[in-house]
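**Q**
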Amino acid sequence: MQISARQSDGSVILDLSGDIDLAHSPAMRKALLGEIKEKHTRKVFLNLKNVRYIDSSGIASLVEGLKASRDQGSRMILYGLSRSVREVMELSRLQKIFEIYEDEEQALSS
Amino acid sequence: MSLHLQSNPEALCLVRAAMQQATEMLHFQEADSRAIVRSVDEALANVIRHAYKGRDGLPIEVVCRRLYGGRDSSEAAGLEIVLKDSGTPGDPRKFRARPLNEIRPGGLGLHFIKESMDVVEFSRKDGKNVLRMVKYLAP
Numbered sequence: 000m001q002i003s004a005r006q007s008d009g010s011v012i013l014d015l016s017g018d019i020d021l022a023h024s025p026a027m028r029k030a031l032l033g034e035i036k037e038k039h040t041r042k043v044f045l046n047l048k049n050v051r052y053i054d055s056s057g058i059a060s061l062v063e064g065l066k067a068s069r070d071q072g073s074r075m076i077l078y079g080l081s082r083s084v085r086e087v088m089e090l091s092r093l094q095k096i097f098e099i100y101e102d103e104e105q106a107l108s109s
Numbered sequence: 000m001s002l003h004l005q006s007n008p009e010a011l012c013l014v015r016a017a018m019q020q021a022t023e024m025l026h027f028q029e030a031d032s033r034a035i036v037r038s039v040d041e042a043l044a045n046v047i048r049h050a051y052k053g054r055d056g057l058p059i060e061v062v063c064r065r066l067y068g069g070r071d072s073s074e075a076a077g078l079e080i081v082l083k084d085s086g087t088p089g090d091p092r093k094f095r096a097r098p099l100n101e102i103r104p105g106g107l108g109l110h111f112i113k114e115s116m117d118v119v120e121f122s123r124k125d126g127k128n129v130l131r132m133v134k135y136l137a138p
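First to last, the protein sequences are chains H and S.
All residue numbers for the first sequence refer to numbering that gives the first Met the number 0, where the first residue is 0 and numbers rise by one.
All residue numbers for the second sequence refer to numbering that gives the first Met the number 0, where the first residue is 0 and numbers rise by one.
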């Protein structure tokens, strides 16, 4: 899995690619919580367009990020979910608690 | 197909690739193929995290067997996957997926497995934890 960050009008876009599994979810969690809890970024976008697979540890990290963003009064926004990622979201029945958009344009204008 | 692994999270991507190939060979539908890959991945992650408590280099065996059925018993009817590990014995009665109305991290892996597979059985045999999972081919 690879993570890179882009700045956009005081917000941050985390571009994720590859597989978010037990081996790699800790890196995503660290990047996400770093933005939310340490840098106090007001809006954190997660670009999941190039994520092929996410497991329960990845979903757990996203839930942790969401809870941290609620505690900080900030927003965590997901977009570009592949069919595989969307399927896991539905299976966890957590898709309604996340802010999810189709693509970057929609997400940034939200 | 038989895989002998070590309890290293980096090995999970290799197992997913092998399971993907196996399910394609058996002509599982795409969604069922993803369900099988996900279940094996989650089951292995549970072994690494809970049975082996995150320790590296401990043995895990994955055995996949084609199940036959149908009128002449020669058609593939499904796939049986058996995982064995020598980790801490768990109490299958306590293996429960967490309630989904709780918004908190963790506890989803077993829920994914139970939702995805047709048969999920935990047992303890010859000093090993055994997980047997079966997915039947859609008619």
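Where a beta carbon is used, it is the ideal one built from N, C-alpha and C, also for glycine.
Does the beta-carbon distance from H/Leu80 to H/Asn49 come in below 8 Å?
**A** For the purposes of this step, residue 80 of chain H is identified with residue 81 of the first sequence, where counting begins at 1. For the purposes of this step, residue 49 of chain H is identified with residue 50 of the first sequence, where counting begins at 1. Contact: no.
**Q** Can you tell me the Cα-Cα spacing of H/Leu32 and S/Met116, whole angstroms?
**A** Within the first sequence, numbered from 1, the residue matching residue 32 of chain H stands at position 33. Within the second sequence, numbered from 1, the residue matching residue 116 of chain S stands at position 117. When rounded, the distance between both Cα atoms is 33 Å.
**Q** Answer yes if the segment 99–109 of chain H comes into contact with the segment 36–49 of chain S, meaning at least three C-beta pairs across the two stretches below 8 Å, and no otherwise.
**A** These segments do not touch.
**Q** Could you tell me which chain S residues have their CB closer than 9 Å to the CB of H/Ser7, listed as they occur along the chain?
**A** Translated into positions along the first sequence, residue 7 of chain H becomes position 8. By Cβ distance, chain S contributes nothing, its closest Cβ being about 27 Å from H/Ser7, past 9 Å.
**Q** If contacts are defined as beta-carbon pairs under 8 Å, then S/Leu107 and S/Ala42 qualify, I think. What distance do you get, rounded to the angstrom?
**A** To locate residue 107 of chain S, count along the second sequence from 1; it is residue 108. To locate residue 42 of chain S, count along the second sequence from 1; it is residue 43. With 8 Å as the limit, S/Leu107 and S/Ala42 do not qualify as a contact, their Cβ atoms being about 13 Å apart.
**Q** How far does the alpha helix (DSSP H) with S/Arg17 in it extend, from its first residue to its last?
**A** As a position in the second sequence, residue 17 of chain S is number 18, starting the count at 1. According to the sequence displayed, residue 17 of chain S carries Ala and not Arg. Counting along the chain, the alpha helix (DSSP H) containing S/Ala17 begins and ends at Leu11 to Met24.
**Q** Residues in the same chain with beta-carbon distance under 6 Å from H/Val11, minus the five sequence neighbours each way, listed in chain order, please.
**A** Looking up residue 11 of chain H in the first sequence gives position 12. Excluding sequence neighbours, H/Val11 sits near Ala4, Glu34, Thr40 and Val43.
**Q** Between S/Leu136, S/Met24, S/Arg37 and S/Leu57, which has its C-alpha nearest H/Asp54's C-alpha?
**A** Looking up residue 54 of chain H in the first sequence gives position 55. Here the closest residue by C-alpha is S/Arg37.
**Q** Return the residues of the segment 41–72 of chain H that lie within a Cβ-Cβ distance of less than 9 Å from chain S, sorted by chain order.
**A** Flagged, chain order: Tyr52, Asp54, Ser55, Ser56, Ile58, Ala59, Ser60, Leu61, Val62, Glu63, Leu65 and Lys66.
**Q** Going by alpha carbons, who is nearest to S/Ala34 out of H/Ser60, H/Val84, H/Ile96 and H/Leu107?
**A** Looking up residue 34 of chain S in the second sequence gives position 35. The shortest C-alpha separation from S/Ala34 is found at H/Val84.
**Q** I'd like to know if the segment 85–99 of chain H and the segment 4–11 of chain S are in contact, where contact means that at least 3 CB-CB pairs between them fall below 8 Å.
**A** No, they do not touch.
**Q** Between which two residues does the beta strand (DSSP E) holding S/Asn45 run?
**A** Within the second sequence, numbered from 1, the residue matching residue 45 of chain S stands at position 46. Per DSSP, S/Asn45 belongs to no beta strand (DSSP E); it is in the alpha helix (DSSP H), Glu29 to Asn45.
**Q** State buried or exposed for S/Leu109, treating a residue as buried only when at least 16 other CB atoms are found within 10 Å of its CB.
**A** Residue mapping note: residue 109 of chain S aligns to position 110 of the second sequence, counting from 1. Counting Cβ neighbours within 10 Å, S/Leu109 comes out buried, since at least 16 surround it.
**Q** Verify whether the separation of the beta carbon atoms of H/Ser24 and H/Ser60 is less than 8 Å.
**A** The sequence position of residue 24 of chain H within the first sequence is 25, counting from 1. The sequence position of residue 60 of chain H within the first sequence is 61, counting from 1. Contact flag set, yes.
**Q** List the endpoints of the continuous beta strand (DSSP E) containing S/Gly77.
**A** Here residue 77 of chain S refers to the residue found at position 78 of the second sequence. Per DSSP, S/Gly77 belongs to the beta strand (DSSP E) from Glu74 to Asp84.
**Q** Using the beta-carbon of each residue, which ones in chain S are nearer than 9 Å to H/Glu86?
**A** On the first sequence, position 87 is the one that residue 86 of chain H refers to. Going along chain S in sequence order, the residues near H/Glu86 (Cβ under 9 Å) are Ala30, Arg33, Ala34 and Arg37.
**Q** Of all the residues that make up the segment 14–30 of chain H, which are near chain S by a beta-carbon distance shorter than 7 Å?
**A** Within the segment 14–30 of chain H, the residues whose Cβ lies closer than 7 Å to some Cβ of chain S are Asp18, Asp20, Leu21 and Ala22, listed in chain order.
**Q** If you reduce the DSSP assignment to three classes, tell me which class H/Ser3 lands in.
**A** The residue you call residue 3 of chain H lines up with position 4 of the first sequence. Reduced to three states, the DSSP call for H/Ser3 is strand.
**Q** Hey, does S/Asp40 have any beta-carbon neighbour from chain H nearer than 8 Å?
**A** Residue numbering aside, residue 40 of chain S sits at position 41 when the second sequence is read from its first letter. Interface residue, yes.
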